[in-house]
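Asks: Here the sequence shown stands for residues 4 to 112, where the numbers follow this note's numbering.
Just dropping this structure here.
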Amino acid sequence: MSDPRKYRSRDEEAIWEQGDPIGIFEKIILDQGAITNDQIKSLQKEMKAEVRDSVEFADNSPVPPLSDLYHDVYREPWGRYTGTSEPRMYGGALNPPTFRATREGDGLI
């Protein structure tokens with residue numbers, strides 16, 4: 004299904020297309036002679052094949068269970084320190100001026 008263009012006109016799309024970073028980069032490397040039109044067409048063909056293969060793989064893969072929905076979405080909380088000694092801060096300890104500045108709140112981290 005193509006875009007029904009309910010929200011943007013063809014003119015607006017054309018304006019946005021002028022600022023497309025991929026198109027801009029393509030023009031730069033063509034102008035500099037770093038690549039040819041044939042090489043770009045070949046790369047585009049390879050990329051389309053990779054996308055097509057990825058879509059086919061996704062379509063043929065089993066649907067994951069709903070219990071997997073939130074896996075790897077949030078990082079694990081740090082939780083309570085479980086070491087054998089109290090955690091210590093050493094920031095600036097070897098450099099007295101830095102240590103004083105951090106204690107006095109001079110904006111150093």
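Here a beta-carbon is modelled for each residue, glycine too, at the ideal position from N, C-alpha and C.
Going by beta carbon distance, what residues of the same chain come within less than 8 Å of M4, once the five residues before and after it are set aside?
Replies: In the sequence shown, the residue the question calls residue 4 occupies position 1. Its pLDDT being 49, under 50, M4 is placed unreliably by the model, and the measurement read from it follows with that caveat. Contacts found: none.
Asks: Return the first residue and the last residue of the alpha helix (DSSP H) that Q47 is part of.
Replies: Locating residue 47 in the sequence shown gives position 44, where the first residue counts as 1. For Q47, the enclosing alpha helix (DSSP H) covers residues N40 to N63.
Asks: Could you tell me whether the Cβ atoms of I32 and I25 are closer together than 8 Å?
Replies: On the sequence shown, position 29 is the one that residue 32 refers to. On the sequence shown, position 22 is the one that residue 25 refers to. Taking 8 Å as the Cβ cut-off, I32 and I25 do not qualify as a contacting pair.
Asks: Is the CB-CB distance between I43 and E20 below 8 Å?
Replies: Taking the first residue of the sequence shown as 1, we reach residue 43 at position 40. Taking the first residue of the sequence shown as 1, we reach residue 20 at position 17. Their beta carbons are not under 8 Å apart, which means I43 does not touch E20 by this criterion.
Asks: Measure the alpha-carbon distance for D113 versus N40 and round it to whole angstroms.
Replies: In the structure as shown, the chain starts at 4 and stops at 112, and residue 113 therefore has no counterpart that could be examined.
Asks: In whole angstroms, what is the alpha-carbon distance linking P7 and I18?
Replies: Reading the sequence shown from its first residue, position 4 is the one you call residue 7. Reading the sequence shown from its first residue, position 15 is the one you call residue 18. So the two alpha carbons sit approximately 18 Å from each other.
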